[in-house]
Structure formats: structure tokens, C-alpha cells
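Chemist: Chain order of the listed sequences is S and E. Residue numbers for the first sequence follow my numbering, beginning at 6 and rising by one. Residue numbers for the second sequence follow my numbering, beginning at 866 and rising by one. For glycine and all other residues, C-beta sits at the position ideal for the given N, C-alpha and C.
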Amino acid sequence: MDVALLILSILIFPGLMFITSLALFSEWLLRKLAARMQNRMGPSYTGPIGIIQPFADLIKLLFAKEVKKQRYSAIGMAEIGLILSISSVVVSLLLLPISPIRFASTYDIIVFIYFYAVWHTIGLIIAVLSYPNPFTVAGLSRLIAITVVVEPTVFIALLIPTLLASNMGCTPQYSIFCASTWSWRLWLESPTSFIAMALGLVSILIASQAKLGLKPFDIPEAEQELIAGHITEYSGTLLALYNLSHDIKLAFTALIITYLFLGGPYPYGHLNIAGILLLILKYLASLTVLTAIRASFGRFRIDQGLNIIMKYGLAPSIAGLIAALIDVLLL
Amino acid sequence: MTTVISDPFTATLVMTGAMVLLAVVMYIIVLSIRRARVTQLGNEMYIGGESEDILSLKVPSVLALYWGIVKRSWKKAFDILRDVVHTGILNEWYSYMSIWLGLLLLLSIIAIVTYMYMH
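1. Determine the chain E residues that contact T84/S at a beta-carbon separation under 7 Å, and present them in chain order.
2. Say whether the region 208-221 of chain S touches the region 131-145 of chain S, bearing in mind that this needs 3 or more beta-carbon pairs closer than 8 Å, one atom from each stretch.
3. Provide the residue(s) that pair with F108/S in DSSP beta bridges, ordered along the chain.
4. Between the Cα of R2/S and the Cα atoms of Y136/S, F23/S and S195/S, which residue gives the shortest distance?
5. At which residue ranges does the region 123-158 of chain S contain complete beta strand (DSSP E) runs of 3 or more residues, listed in the order of the chain?
6. Going along chain S, which residues have a C-beta under 7 Å from G907/E?
7. Skipping 5 residues on each side, what residues in its chain have a beta carbon closer than 8 Å to that of G1048/E?
8. Of the residues A170/S, T152/S, T296/S and P139/S, which one's Cα is nearest the Cα of L922/E?
9. Could you compute how far the alpha carbon of L276/S sits from the alpha carbon of W939/E?
10. Please report the distance separating the alpha-carbon of R299/S from that of I314/S.
11. Hey, is E238/S's beta-carbon within less than 8 Å of any beta-carbon in chain E?
12. Counting Cβ pairs closer than 8 Å, one from the region 866-877 of chain E and one from the region 105-118 of chain S, do we hit at least three?
13. Identify every residue that forms a DSSP beta bridge with K73/S.
14. Is M891/E near S92/S, with beta carbons less than 8 Å apart?
15. E84/S to P225/S, Cα distance in whole Å?
16. Between the Cα of L928/E and the Cα atoms of I149/S, L100/S and G47/S, which residue gives the shortest distance?
17. Given 8 Å as the limit, is there contact between the region 874-883 of chain E and the region 967-980 of chain E, that is, 3 or more CB pairs closer than that?
18. Under 8 Å between beta-carbons, which chain E residues line up against N138/S? List them in chain order, please.
19. Apply the 10 Å Cβ neighbour rule to H235/S and answer buried if 16 or more other Cβ atoms are within range, or exposed otherwise.
20. DSSP three-state call for A3/S: helix, strand or coil?
21. Please state the DSSP three-state secondary structure of C175/S.
22. Quick one: is D308/S near chain E, going by C-beta distance under 8 Å?
23. When the Cα of T904/E is compared with those of I115/S, L29/S and Y239/S, which residue comes out closest?
24. Is DSSP giving N277/S helix, strand or coil here?
25. Comparing the C-beta of Y985/E with each C-beta of chain S, is any distance below 8 Å?
26. List, in order along the chain, the chain S residues whose C-beta lies closer than 9 Å to that of A976/E?
27. Have a look at M22/S, A297/S, T263/S and R306/S and flag the residue whose alpha-carbon is nearest the alpha-carbon of L286/S.
28. Shortest alpha-carbon distance to S97/S belongs to which of L87/S, V116/S and G86/S?
29. For G218/S, which option in V155/S, G55/S and G205/S has the closest C-alpha, if you only look at C-alpha atoms?
30. Taking Cβ positions only, does T952/E come closer than 8 Å to chain S?
31. Below 8 Å, how does it come out for the region 313-331 of chain S and the region 193-206 of chain S: are there three or more Cβ pairs, yes or no?
32. For F943/E, which of helix, strand or coil comes out of DSSP?
33. Provide the residue span of the alpha helix (DSSP H) that contains D308/S, from first to last.
34. Below 8 Å, can you find three or more Cβ-Cβ pairs linking the region 26-38 of chain S to the region 236-256 of chain S?
35. Taking C-beta pairs closer than 8 Å, name the residues in chain E that T263/S reaches, listed in chain order.
36. Using a Cβ-Cβ distance cut-off of 8 Å, determine whether D948/E contacts chain S.
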């Protein structure tokens with residue numbers, strides 16, 4: 006294995022630098038699109054049509070604002086938790102075909118879940134508990150309640166393309182790489198695979214919305230109601246890291262939808278213009294759908310939110326998995 | 866472009882190493898940025914302007930909050946389970962558990978037989 010290429014991949018492309026840039030652009034697009042949908046201006050003054058506003062916010066929080074040390078807080082722990090939650094998402098990029106060095110192994114969907122769901126959540130919980138506060142604790146309990154429903158939904162939804170791609174003879178079996186490179190064929194493979202992919206896409210969109218804490222599932226943060234929920238006490242560097250973690254998760258989730266359900270740059274490759282344009286187009290489309298949902302709803306109450314995720318996320322993903330199994334076993 | 870095909874354990878180990886490396890690099894950067902700007906001013910907990918005494922009042926525990934949420938959103942399932950299992954009669958609990966465990970056992974046997982038949 007080329008260690009230099011691995012280090013380059015985690016630090017530069019598609020690692021920290023690239024995903025940070027993509028994350029800040031995605032945040033700008035989300036804010037701008039949501040604002041236009043709601044007849045507001047959105048970011049407008051910093052850079053052309055406000056495009057570097059998220060970057061300016063990040064720089065201000067990192068270099069100008071102070072970190073408030075609360076009596077019971079552990080700043081170091083909070084930083085470590087947030088950094089773990091960021092780095093676990095960044096490392097998950099190594100499983101996607103966009104990385105110059107790609108890891109592919111049989112059943113690596115479990116490795117993916119290990120980083121994207123388990124480590125990310127653990128990092129976030131460590132960070133949140135490092136600033137004890139009644140609002141923080143209430144936000145965290147909501148976050149955990151949502152996670153309990155969302156993570157199985159994400160896992161089942163991701164299982165659909167991996168299962169179908171493995172059935173078509175792609176190797177290594179049950180790998181993210183396989184599902185990413187073959188997902189564009191799965192839509193037209195058979196009627197049942199089309200149904201399975203469509204249900205998977207719907208469920209991952211709903212689950213992503215909840216995992217990202219975007220409206221109508223911004224229940225753990227619950228501005229006004231819980232002050233700022235699980236990030237009530239954050240300031241300065243910590244708030245910058247949290248915002249960055251959130252944006253990176255947004256960009257990564259849109260990438261996952263783009264690759265595993267919409268087919269990424271395929272049938273073209275990554276190294277030609279048509280492929281790159283197709284990839285950008287699909288990425289923007291998935292981000293636009295997430296934004297449209299965010300801009301169209303108000304916040305649900307926690308029990309309503311959980312019911313909606315189960316009804317429109319978990320149930321379609323299970324139905325999609327059953328359709329995929331029918332396709333695998335019978336057709 | 867290089868595709869490294871390995872077993873999931875090796876992939877996990879290498880990727881965890883990469884995650885730790887990235888975390889260390891980021892921590893060093895963050896530490897160098899924030900070192901001088903930690904303020905001790907206003908170090909009390911923010912509870913909407915209240916003092917900490919308010920926390921001595923009875924508030925629901927975190928566990929109660931979590932179970933409250935789960936009970937509300939899975940109310941039907943919770944009610945069914947409560948009515949069936951919490952009757953106070955040991956035999957009913959025993960029969961309920963044995964039916965479900967028996968079903969799971971049956972399913973696992975079917976799964977094993979299907980797997981053996983397919984391979």
C-alpha cells in the first residue's frame with residue numbers, strides 16, 4: 006500500500022481540505038437556496054453572491070472569538086470529541102470511488118457503518134457531555150432517541166444497493182465500492198430492483214435529514230425551545246468545530262446519496278469531463294432535495310419526528326430490502 | 866487511482882489508524898489556534914439566566930426523558946407488551962417469552978438450512 010498516497014488522501018483530496026471546501030460550499034448553497042425558497046436574501050455580502058460567508062464565519066469563530074470556559078466544562082474533551090466526529094466522516098471517504106486510494110473488501114459496509122454511524126455519534130456524545138447543562142442534556146437525550154431510529158434506517162437503506170450489486174456479480178461482495186460503481190445499473194436491472202432502489206432513496210433522504218438535524222428534525226438543537234439544545238454552551242473554536250462537523254456531514258451525506266443511489270459519475274469515469282459534470286449535477290440535485298425538505302417544514306415535536314422517521318424512513322427501507330431480497334432470491 | 870482490496874479487519878485497522886492520524890493533526894492545529902483565547906469570564910452554567918440552585922428542584926432524569934420519548938412514539942408496541950407481559954402472573958410471562966424464543970429458534974434453523982442448501 007502506498008502510505009504517501011494514503012496520507013495525501015486523508016489530508017488533501019478527498020480528505021480534510023477538499024471536504025472542508027465542499028462542506029462550506031454546501032452550507033452556502035443550502036442557506037442560499039432555503040432563503041430564496043422562503044423569499045429571503047440569504048448570504049449576500051461576503052464574496053460574489055455571498056459564497057464565502059460560511060468560510061468567513063468559520064475564520065471568525067476560529068481566530069476572533071473567545072472560548073468560554075464554563076465551571077464544569079472540559080474543553081479538551083469537547084475538542085477531542087468533535088475532532089473524532091469529523092475525522093471518522095473524513096476517513097469514511099476512503100471507501101468511496103472518489104478517493105485516489107480506495108479501500109474495498111467483502112462486507113465493508115459494516116466498516117462504513119462503524120465509522121459513519123458509531124464513531125461519529127460517540128465523538129458527538131463525548132463533545133456534548135463535556136459541557137454539562139440541563140439544555141445540553143435534554144438535547145442529547147433527543148439526539149440519542151433519534152439516533153436509535155435513524156442509524157438502522159441508514160444501514161438498511163445502504164444495504165439495498167450493496168445487496169443488489171453483489172447479486173449482479175460485482176466483487177468484492179457487499180462493499181461500498183461495488184455498490185457505488187454499479188448503482189446506476191441497478192435502477193434498470195429489473196422492476197423489483199427499481200422499486201427497491203426507489204424506496205431506498207426515499208428512506209435515506211428522510212434519514213439523512215434527521216441525521217443532519219435539518220428541519221423538520223432539528224429537534225436536538227431546537228432553537229428557542231431549548232436555547233440551542235446540545236450546543237448551548239459552545240463558543241469560539243468549539244462552535245467552529247461543531248459547525249464544521251455538521252457541514253462535513255452534510256457534504257458527505259450528499260456524496261453518499263450521489264454515489265450509492267444515483268450512480269456517481271458512472272457510466273462515465275472520474276477522469277473525464279462528462280463524468281465530472283454528471284457527478285456535480287447529481288451532487289447538486291441531492292443537496293437541492295435536502296434543502297427543499299428543510300425549507301418546506303417547521304420543526305416536529307420529538308415523538309412526531311420519531312413517528313415520521315419510522316413511517317417514511319424505516320418502513321420504506323425495510324420494504325425496499327424485502328424487494329431487493331425478492332430480486333436476489335427469485336429473479 | 867489505486868484500489869486496495871483487503872479483508873474487512875485489515876481495512877478497519879488501517880482506516881482507524883488514518884482516523885487517529887487525522888485527529889492528532891487536527892488537534893495540534895486546534896490547540897495552536899485556541900490556546901490564548903480561553904476566557905474565564907462568566908464561567909457559570911447557562912440556565913436561561915437562573916442560578917444553579919434551580920437544579921436542586923426535581924427534574925426528570927435523562928433515562929426518564931429517553932424512555933418517555935420511546936414510550937410516546939412506540940406507544941402501541943409498549944401498550945401491547947405491557948398488557949401481555951406485565952400481568953403479574955409468571956406463567957403468562959413464561960409462555961410469552963417461550964413463544965417468541967421458539968419462533969426465533971425456528972427462524973434461525975430455517976436460515977441455517979437455507980444457507981446450507983444454497984452452498
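Modeler: Answer, in terms of the structure:
1. Note on identity: in this sequence residue 84/S is Glu, with Thr being the wrong assignment. Correct list: Y892 and V895.
2. no
3. According to DSSP, residue pairing for F108/S in a beta bridge involves V869/E.
4. Residue 2/S is absent from the model: chain S starts at 6 and stops at 336.
5. DSSP runs (the beta strand (DSSP E)) wholly in the region 123-158 of chain S: none.
6. K73
7. This structure leaves residue 1048/E out entirely; chain E is present only between 866 and 984.
8. P139/S
9. 49 Å
10. 14 Å
11. So, interface residue.
12. Output reads yes: the region 105-118 of chain S touches the region 866-877 of chain E.
13. T904/E
14. yes
15. 20 Å
16. I149/S
17. no
18. M910, Y911 and I912
19. buried
20. With chain S covering only 6 through 336, there is no way to say anything about residue 3/S.
21. Taken through DSSP and simplified to helix, strand or coil, C175/S comes out as coil.
22. yes
23. Y239/S
24. Three-state DSSP puts N277/S in coil, outside helix and strand.
25. Since the first and last residues shown for chain E are 866 and 984, residue 985/E lies out of range.
26. Ordered by position in chain S, no residue passes the 9 Å Cβ test against A976/E, which lies about 12 Å from the chain.
27. T263/S
28. V116/S
29. V155/S
30. no
31. yes
32. helix
33. I307 to I314
34. yes
35. Under the 8 Å cutoff, chain E gives no residues; its nearest Cβ is about 18 Å from T263/S.
36. no
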